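Novice: So that we are looking at the same thing, I have put the structure below in structure tokens.
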Amino acid sequence: MLSNDEIKDGVSERGGFPVERKRMKQWSMRITAYCDRLINGLDTIDWPDSIKEQQRNWIGRSQGASVKFAVDGHPSTHIEVFTTRVDTIYGVSFMVLAPEHELVHAITTSAQKNEIDSYIKWAGSRSDVERMQEGKKVSGAFTGAYAINPFNDEKVPIYIADYVLAGYGTGAVMGVPSGDQRDWNFAKHFDLPIIPILDAQKGIDTEADATKEGRYINSGMINGMDYKTGTATLIQWLEAQKLGAGKIQYKLRNAVFSRQRYWGEPVPVYWKNDLPYLVEEKDLPITLPEVDKYLPTETGEPPLGNAENWRYTAPDGHQYEYELNTMPGWAGSSWYFYRYMDPNNDSVFASKEAIDYWQQVDFYIGGSEHAVGHLLYSRFWNQFMYDLGLVPHAEYAKKLVNQGMIQGRSNFVFRAKERFFEEYLWIKVLQPFLSDTDPIKMYEPGFEEEMNYDYAFASNDLVIEVTSYKQEEKIERIRQAAAADGKRLLILSNEEISDTINQPEIVAAKIRAALQSRDLFIMDGTKPKSQTLFISHNLVHKYSDEACSALHVDVNLVENDMLDLNLAKGVRMFEGASFKVDAEGKFTCSAEVEKMSKTKFNVVNPDHVIERYGADCYRMYEMFIGPIEVAKPWNTNGISGVAGFLRKFHDLFYNEKGWNVVDAEPTKDELRQLHLAIKKVSDDIERFSLNTCVSHFMILTNELRALKCNKRAILEQSVVLIAPFAPHIAEELWRGFGYTTTVCDATWPQLNAAYLETDSIIYPVQINGKHRGNVEVAVGTSNADIEQMVLAQEFVQRNLAGAAVKKLIVVPGKIVNIVM
RNA sequence: GCGGGAAUGGCGGAAUGGUAGACGCGCUGGUCUCAAACACCAGUAACUUCACGGUUGUGCGAGUUCGAGUCUCGCUUCCCGCACCA
1 MLSNDEIKDG VSERGGFPVE RKRMKQWSMR ITAYCDRLIN GLDTIDWPDS
51 IKEQQRNWIG RSQGASVKFA VDGHPSTHIE VFTTRVDTIY GVSFMVLAPE
101 HELVHAITTS AQKNEIDSYI KWAGSRSDVE RMQEGKKVSG AFTGAYAINP
151 FNDEKVPIYI ADYVLAGYGT GAVMGVPSGD QRDWNFAKHF DLPIIPILDA
201 QKGIDTEADA TKEGRYINSG MINGMDYKTG TATLIQWLEA QKLGAGKIQY
251 KLRNAVFSRQ RYWGEPVPVY WKNDLPYLVE EKDLPITLPE VDKYLPTETG
301 EPPLGNAENW RYTAPDGHQY EYELNTMPGW AGSSWYFYRY MDPNNDSVFA
351 SKEAIDYWQQ VDFYIGGSEH AVGHLLYSRF WNQFMYDLGL VPHAEYAKKL
401 VNQGMIQGRS NFVFRAKERF FEEYLWIKVL QPFLSDTDPI KMYEPGFEEE
451 MNYDYAFASN DLVIEVTSYK QEEKIERIRQ AAAADGKRLL ILSNEEISDT
501 INQPEIVAAK IRAALQSRDL FIMDGTKPKS QTLFISHNLV HKYSDEACSA
551 LHVDVNLVEN DMLDLNLAKG VRMFEGASFK VDAEGKFTCS AEVEKMSKTK
601 FNVVNPDHVI ERYGADCYRM YEMFIGPIEV AKPWNTNGIS GVAGFLRKFH
651 DLFYNEKGWN VVDAEPTKDE LRQLHLAIKK VSDDIERFSL NTCVSHFMIL
701 TNELRALKCN KRAILEQSVV LIAPFAPHIA EELWRGFGYT TTVCDATWPQ
751 LNAAYLETDS IIYPVQINGK HRGNVEVAVG TSNADIEQMV LAQEFVQRNL
801 AGAAVKKLIV VPGKIVNIVM
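The numbers in this note's numbering rise by one with no breaks, and the one at position 569 of the first sequence is 569.
Encoded structure:
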């Protein structure tokens, strides 16, 4: 049992087994009945715009009309189309059906049959990938039949084309080239008329104009009307004539609810005379039966079909087969949060009291990859439960935030291809060591055709071929060709070059020896050690793009983009490998930011970070590196700053002798710092700005250190503040105060704004909007007095340079601006 | 093509119309040390000045405002999602 994306080229992606398509009877959930409510509900919840937009797109609501077109010469048939622009119907100059449309064969004329058949065949043979690659290339075929526009009785030709999708709407489109670009492209290609329908349409000779502005022309009963009245008039007429109606179309399909797997909730249904019946409530829950193997049965039934004697005894006393499909993951993931409200209840999913107490989920944090899966299904599921009166809100999550993904930083190594060895020989051996022998490069395009070897020499009858020693047939062929040409042949294998890759003089010596010998065929008889060759990244730029291929390498073998060669030698990927290192003996890798994934070998395990810095530090660092919803690559460069801060915070409570907190009365400064932190952290938590909370803890710690504060009244509150951010350290310090219960039970510190007040305010002074200096003013000074003080400042007079003050703005508590 | 988001020092980022660059990393100098590491202190947007100071500066171009990183309009680039949806 495979999903579509597990099939490649008609066989299974894994194993390459042939795939057979079978019809299956499956349960599905009628999510389409909730399309409008799922769209409208989005306006009532505080979710990210991107998620809302993705859900809207996925549901794909379009408002329009359906219209029936008669087919000329086929009195009993008609073609129904869906259009969002019924107002353009007088501009119809052709009709297009999807190639799969059921009427195609019935209406195609015998003269056009061949053309239509071959188009259907061609269209069916093209994969989605091919269709995407070809982009907007127009194709189609004429059926020979004509449709009749119900509004003006004009006959328009009926085509088939694969730009019309069988699965959307009715699989038929009315072609209005003046108002729709795809229709326009089609009309141009098949030389069909392009009829203007609005006086505001511009340039329809060069492209379609989809405007709804202006007044209708060439449009029968709606001539002179605007979009709104025109549309209403047409729909009214259609409905009166029973030829169509206003209609809303959705892209969303019903959601298949059956899975052919073992591990899933059993569906509480049994089958009697091919009809499903619900299992009696007293017989619930159904538990999964024992099976020998979790695979489909011989006949292709789901794995539950393997269970022996698994039958339901119905109220009529007879035994019946259970439903064999199980439920999908979203059967549970759509409403699990209600179970959290009342996890031990064994009569209902959650008691009414529990649900009334907890109400909605206040804050849901999750990945944006669930935008149109889980996050849409769960809203649908909840709406349904709401309709049944089981839950108090149509939407289950008031606020949702997508956390940004921590991305991986992938490293790549470069593996030599055949071409590399050819180029290497030229760049690193023949040119530097053997230029006196006038080597000739023959592998470049142009030579390739007529020549068999890679190198020759102007003054010697030796030729060189570079290839793998395993290519015995090729070597033999070249050997014979060389003999026929009267050339002596030196075979250098990729592998022997690899063996001495960091000492090009060795290969140079071999070549020189070969040049001087009289042997007709020279090849190293010993078996080289190297199987593959990898080239340091900082060297690959010397070679062409075809010389190497880039491969993901496990980032745990790499430090600072340098491959640890000792570690690498123990890895399967580098078995029998040689490494071409740079002049400093280093092997470098290239790097790229990608999603973290096993297949990209860029997964970093936080364990070693936690081992070195502790879980609190790891947790805080993740918060510290930026806003929660922003994705960024994992990078521990700044973690020492957080580690240092935690240590300093911890040090506030201890001296060399141990616990060092005293009960003395705190100073005004100390209280001010504490309450600044209470304000900042409390506010920032509310807006999920965790990185600035961490910053402020750093500020608080630095200030308290500067004040040498070790007073309980200050430190105890600080511990409560930091507890959600560094729970382990907070818990330990909390116990230091003598508490035996958890810090989680402490009351959140209350802000006392009185502690934040100061005796004076420092006003920044701007002149023409530019900051020029500051003035310290006692609290309570009147604006008039502040103006006097500001104007008396030396720096103000200097900057004014005698010019008149046009305006002086004092924003109380904030700033002063002088306009001159 | 459609939709959504983003753009600020060497780097991660801060700034809810009011001193741009908080906090941290990195870097530079200093103290300690035989030395290094750690720790601590100071400095660190660019240009200019011995210094005081000055000029420029939040992707680009306009606008609103006493005052714009922030608001409005028009672009550019990048990221994400959807995509022949009639």
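Glycine residues also receive a C-beta, built at the ideal position from the N, C-alpha and C atoms.
Bear in mind the structure is a predicted one, so any value in this text is a computation, not a measurement.
Which of the three DSSP states is assigned to residue 724 in this structure?
Specialist: Correct three-state label for residue 724: coil.
Novice: Run the CB neighbour count on residue 221, radius 10 Å, all protein chains shown included, and call it buried at 16 or more, exposed below.
Specialist: Exposed, by the Cβ-count rule.
Novice: Report the three-state DSSP secondary structure of residue 231 (helix, strand or coil).
Specialist: Three-state DSSP puts residue 231 in a helix.
Novice: Within a Cβ cutoff of 8 Å, which residues of the same chain sit near residue 528, ignoring the five residues on either side of it in sequence?
Specialist: Contacts found: 469, 493, 495, 496, 498 and 499.
Novice: Could you check what DSSP says for residue 236 in three-state terms: helix, strand or coil?
Specialist: Correct three-state label for residue 236: helix.
Novice: Here's a check: name, in chain order, each residue in its chain whose Cβ is nearer than 7 Å to the Cβ of residue 231, leaving out the five neighbours to either side.
Specialist: The answer, listed in chain order, is 86 and 87.
Novice: Tell me the DSSP secondary structure of residue 357 in three-state form.
Specialist: Residue 357 falls in the helix class under three-state DSSP.
Novice: Out of curiosity, what's the CA-to-CA distance linking residue 243 and residue 265?
Specialist: Answer to the nearest angstrom: the Cα atoms are 47 Å apart.
Novice: If I measure Cβ to Cβ from residue 768 and keep anything under 7 Å in the same chain, skipping five residues before and after, which residues do I get?
Specialist: If we look at residue 768 and ignore the five residues flanking it on each side, its Cβ neighbours are 819 and 820.
Novice: Extract the residue ranges of the alpha helix (DSSP H) inside the region 112–180, only unbroken runs of 4 or more that lie entirely within it.
Specialist: As far as the region 112–180 is concerned, its whole alpha helix (DSSP H) runs of at least 4 residues are 113–125 and 128–134.
Novice: Would you decide whether residue 118 is buried or exposed? Buried here means 16 or more other CB atoms lie within 10 Å of its CB.
Specialist: Its Cβ having fewer than 16 others within 10 Å, residue 118 is exposed.
Novice: At a cut of 8 Å, does the region 694–710 reach the region 646–662 through at least three beta carbon pairs?
Specialist: Contact holds: three or more Cβ-Cβ distances are below 8 Å.
Novice: If I follow the unbroken beta strand (DSSP E) through residue 39, where does it start and stop?
Specialist: Premise fails: residue 39 lies in the alpha helix (DSSP H), 35–41, not in any beta strand (DSSP E).
Novice: Below 8 Å between beta carbons: does that hold for residue 257 and residue 27?
Specialist: Yes. Within cutoff.
Novice: Just to confirm before moving on: does the CB-CB distance between residue 599 and residue 415 stay below 8 Å?
Specialist: Their beta carbons are not under 8 Å apart, which means residue 599 does not touch residue 415 by this criterion.
Novice: What residue from 735, 755 and 752 has the CA that sits closest to residue 746's CA?
Specialist: Looking at the Cα atoms, 735 is the closest of the given residues.
Novice: In three-state terms, what does DSSP make of residue 817?
Specialist: Residue 817 falls in the strand class under three-state DSSP.
Novice: How about residue 759 and residue 730: are their beta carbons less than 8 Å apart?
Specialist: Not a contact, by the Cβ cut-off of 8 Å.
Novice: Assign residue 680 to buried or exposed, taking buried as 16 or more other Cβ atoms, counted over all protein chains shown, within 10 Å of its Cβ.
Specialist: Classification for residue 680: buried.
Novice: Any chance the region 54–61 sits against the region 366–386, with 3 or more Cβ pairs inside 8 Å?
Specialist: Yes, since at least three Cβ pairs between the region 54–61 and the region 366–386 fall closer than 8 Å, the two stretches touch.
Novice: Decide if residue 59 is buried, meaning its Cβ has at least 16 other Cβ atoms within 10 Å, or exposed.
Specialist: The residue is buried, with at least 16 neighbouring Cβ atoms inside 10 Å.
Novice: Count the C-beta pairs between the region 346–357 and the region 273–291 that are closer than 8 Å, then say yes if the count reaches three, no if not.
Specialist: Because the criterion of three Cβ pairs below 8 Å is not met, the region 346–357 and the region 273–291 do not touch.
Novice: So, residue 394 versus residue 41, is the Cβ gap smaller than 8 Å?
Specialist: Going by C-beta atoms, residue 394 is nearer than 8 Å to residue 41.
Novice: Would you tell me roughly how many angstroms separate the C-alpha atoms of residue 210 and residue 203, rounded to the nearest one?
Specialist: Going from the Cα of residue 210 to the Cα of residue 203 covers about 11 Å.
Novice: Could you check the C-alpha separation between residue 81 and residue 29 for me, to the nearest Å?
Specialist: Approximately 27 Å between the Cα atoms of the pair.
Novice: If residue 488 sits next to residue 454, beta carbons under 8 Å apart, how far is it from one beta carbon to the other, in whole angstroms?
Specialist: Incorrect: roughly 14 Å between the Cβ atoms, too far for contact.
Novice: Sort 772, 762 and 33 by Cα distance to residue 387 and report the nearest one.
Specialist: Of the candidates 772, 762 and 33, the one whose C-alpha sits nearest the C-alpha of residue 387 is 33.
Novice: With DSSP as the reference, please indicate the residues paired to residue 464 in a beta bridge.
Specialist: Per DSSP, 455 and 490.
Novice: Who are the near neighbours of residue 180 in its chain, counting only those whose CB is closer than 7 Å to its CB and skipping five residues on each side?
Specialist: Once the five neighbours on either side are set aside, the close Cβ partners of residue 180 are 208 and 210.
Novice: Under the rule that 16 or more other beta-carbon atoms within 10 Å means buried, what is residue 740, buried or exposed?
Specialist: Result: exposed.
Novice: Quick one: residues in its chain with C-beta nearer than 6 Å to the C-beta of residue 809, no 5 flanking neighbours on either side, listed in chain order?
Specialist: Here the set comprises 817.
Novice: With which residues is residue 62 paired in a DSSP beta bridge?
Specialist: Residue 62 is bridged to 249.
Novice: Can you tell me the Cα-Cα spacing of residue 802 and residue 756, whole angstroms?
Specialist: Distance between the alpha carbons of residue 802 and residue 756 is about 39 Å.
Novice: Would you list the residues sitting across from residue 409 in a DSSP beta bridge?
Specialist: Answer is 593, bridged to residue 409.
Novice: Can you look up residue 812 in the DSSP assignment and give me helix, strand or coil?
Specialist: Looking at residue 812 - three-state DSSP - the assignment turns out to be coil, as it is neither helix nor strand.
Novice: In the DSSP assignment, what residue or residues form a beta bridge with residue 28?
Specialist: For residue 28, which the question treats as bridged, DSSP gives the partners 256.
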